[in-house]
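Under the numbering used here, the first residue of the sequence shown carries the number 955, and numbering increases by one thereafter. To start, the structure under review is shown below, and the notes come after it.
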Amino acid sequence: MRSRAKITVNRKAAKKKKTLMPRWVPYAAAITLTAMIVLTVNYRAFTEFSRERAQNTQLQEEALNLTDENIALQEEIHYLKTDPKRIEREARKFGLRPRQEKISAPAK
């Protein structure tokens, strides 16, 4: 009878071992979850970095355009202060005339 009891106990132990998960499953689950978290964080960081890089490029181009415009305006200011012909041309745009010049009345 002892041998039969051992066989039954061994069968129950064998059934318990078969129903348990393999030893590597928790490790695989932990590694998979860790990899998913790392990939999610890295994807977010990469997306944000790409957006900031595009914004940086756009702002650099805008700064260059504004610098060029500033230089052009400085040149125009210089010429308006020093060039008499340019001063006269701009004055005529506003309807001003030199003191010596007489405006003829339109013919009737």
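Where a beta carbon is used, it is the ideal one built from N, C-alpha and C, also for glycine.
Through-space distance from residue j to residue i, alpha-carbon basis
i	j	result
serine 1004	threonine 1011	11 Å
valine 979	leucine 987	12 Å
isoleucine 1031	glutamine 1014	26 Å
asparagine 996	leucine 1020	36 Å
arginine 1046	aspartate 1037	14 Å
lysine 1039	glutamate 1023	23 Å
arginine 977	threonine 1001	37 Å
leucine 1027	glutamate 1044	15 Å
Contact check, residue i vs residue j, beta carbons under 8 Å
i	j	result
isoleucine 1041	leucine 1034	yes
Residue i, enclosing alpha helix (DSSP H) - first and last residue
i	result
proline 980	978-1036
Min CB distance residue i to chain C below 8 Å
i	result
asparagine 996	The structure shown contains no chain C, having only a single protein chain.
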